[in-house]
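Below is one structure, written out as structure tokens; the observations come after it.
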Amino acid sequence: MTEQRVNVFKLHFIVLILVMLTEFIGTRKINIGIGVIALFPMLYALVLGGFISWPKFKWLKEKEMNAAANILGLSFLLFICKLGANIGPELPKLMGSGVSLLFQEVGHIVGTIILGLPVALLIGLKRESIGATYSLDREPNLAIIVDKFGANSAEARGALGVYICGTLFGAIYMSILASLLGSSGLFHPISLAMGAAVGSGSMMAAATGSLAVIFPEATKDIAFYSGAANLMMSIIGTYVCIFVSLPLTQRLYQWLEPVIGKKSKNSYEGGHQA
Numbered sequence: 108m109t110e111q112r113v114n115v116f117k118l119h120f121i122v123l124i125l126v127m128l129t130e131f132i133g134t135r136k137i138n139i140g141i142g143v144i145a146l147f148p149m150l151y152a153l154v155l156g157g158f159i160s161w162p163k164f165k166w167l168k169e170k171e172m173n174a175a176a177n178i179l180g181l182s183f184l185l186f187i188c189k190l191g192a193n194i195g196p197e198l199p200k201l202m203g204s205g206v207s208l209l210f211q212e213v214g215h216i217v218g219t220i221i222l223g224l225p226v227a228l229l230i231g232l233k234r235e236s237i238g239a240t241y242s243l244d245r246e247p248n249l250a251i252i253v254d255k256f257g258a259n260s261a262e263a264r265g266a267l268g269v270y271i272c273g274t275l276f277g278a279i280y281m282s283i284l285a286s287l288l289g290s291s292g293l294f295h296p297i298s299l300a301m302g303a304a305v306g307s308g309s310m311m312a313a314a315t316g317s318l319a320v321i322f323p324e325a326t327k328d329i330a331f332y333s334g335a336a337n338l339m340m341s342i343i344g345t346y347v348c349i350f351v352s353l354p355l356t357q358r359l360y361q362w363l364e365p366v367i368g369k370k371s372k373n374s375y376e377g378g379h380q381a
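Going by my numbering, the residue at position 231 of the sequence shown is 338; the numbering climbs one at a time, nothing skipped.
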């Protein structure tokens, strides 16, 4: 038995223990006055998984973490297939909401570029801000940045930083945000379901899990619309990033950096110019 197989079996065992433990804890609701925060098994698993994989504890080696990343990619492939299977029977309903699903791309651009880029420049980022703010920086977006600027570029470092933050904290943030917005009564559950689609399966699952607890009567519609929006975000959003978001971010950077960019001796300007 090779070391690689032993590491994979160890990972499966850890996952089994985490699933059993988190499912035993189950879903919990915390009333914070302005809303209800829904905590569910996936959230516990993310926190415990991050704790277990903390390098300082040396419970998992880097090779095992890399193997886990490969397994995660296959798992998300199955997850996307399941989303597609759920969408198929509901295509007539999807066609009626197509414009709404497409329009949310405008929101993604406003949130990440129009709001994010000035903030990144004000806190001292240079060309890292392009990679950090042109999208939500999931796997396809990382590939775009690396292909255009190179893996060692400032843009790639910015994109990778946001990707890591999204992986570590994104699901927790989305779960809490969805709970607060859902409990506020200001938004329809279907609108929140579509808004939960940000191109990340784990973030979407975290948000829809919280929404399903708050709106149990709309669980099926929440799963359908969030899955459809996430699939559309993953496919159409890639082309939007290539032809709209990235060129727009580069142009805005050229305009804004001389005006509001924070001067720093440690800043790195080694990225390729647009």
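All residues carry an ideal CB built from backbone N, CA and C; glycine is no exception. Model, not experiment: these values are computed from the prediction.
Sub-7 Å separation of residue i and residue j beta-carbons
i	j	result
residue 293	residue 318	no
residue 289	residue 321	yes
residue 247	residue 345	yes
residue 217	residue 174	no
Nearest-angstrom Cβ-Cβ length linking residue i and residue j, presumed shorter than 8 Å
i	j	result
residue 249	residue 266	5 Å
residue 252	residue 261	Going by Cβ atoms, the distance from residue 252 to residue 261 rounds to 10 Å, so no, they are not a contact pair.
residue 304	residue 333	5 Å
residue 337	residue 306	7 Å
Close Cβ partners of residue i (< 7 Å) along its chain, the five nearest in sequence each way excluded
i	result
residue 229	367, 369
residue 117	171
residue 166	159
residue 329	296, 300, 315, 318, 319, 322
residue 125	152, 155, 156
residue 150	278, 279, 282, 313
residue 326	319
residue 349	251
residue 311	303, 304, 305, 333, 337
Residue environment, residue i, which counts as buried when at least 16 other CB atoms sit within 10 Å
i	result
residue 182	exposed
residue 358	exposed
residue 127	exposed
residue 377	Confidence in residue 377 is poor, its pLDDT being 45 and thus under 50, which makes the residue's placement unreliable; the coordinate value appears in the next sentence. That one is exposed.
residue 382	Coverage of the chain is limited to positions 108 through 381, which leaves residue 382 absent and any answer about it impossible.
residue 278	buried
residue 254	exposed
residue 153	buried
residue 188	exposed
residue 308	buried
residue 243	buried
residue 214	exposed
residue 222	exposed
residue 131	exposed
residue 123	exposed
residue 372	Unreliable positioning characterises residue 372 in this predicted model, as indicated by a pLDDT of 47, which lies under 50. A coordinate reading is not provided.
residue 185	exposed
residue 276	exposed
residue 285	buried
residue 335	buried
Beta-carbon contacts of residue i that lie in its chain and below 6 Å, excluding the five residues immediately before and after
i	result
residue 147	134, 316
residue 241	352, 353, 356
residue 235	261, 264, 265
residue 109	In this prediction, residue 109 scores a pLDDT of 49, lower than 50, which makes its location untrustworthy; no coordinate-derived value is stated.
residue 361	none
residue 379	With a pLDDT of only 49 at residue 379, under 50, the local geometry of the prediction cannot be trusted, and the value read off the model is given with reservation. Closer than 6 Å at the Cβ level, and outside the excluded window around residue 379, lie 256.
Sheet register partners of residue i (DSSP bridge)
i	result
residue 234	In DSSP, residue 234 forms no bridge with anything.
residue 159	Its beta-bridge partners do not exist; DSSP assigns none.
Close-in-space but distant-in-sequence residues of the same chain around residue i (CB under 8 Å, 5 per side omitted)
i	result
residue 363	224, 225, 228
residue 178	115, 118
residue 219	240, 241, 242, 243, 352
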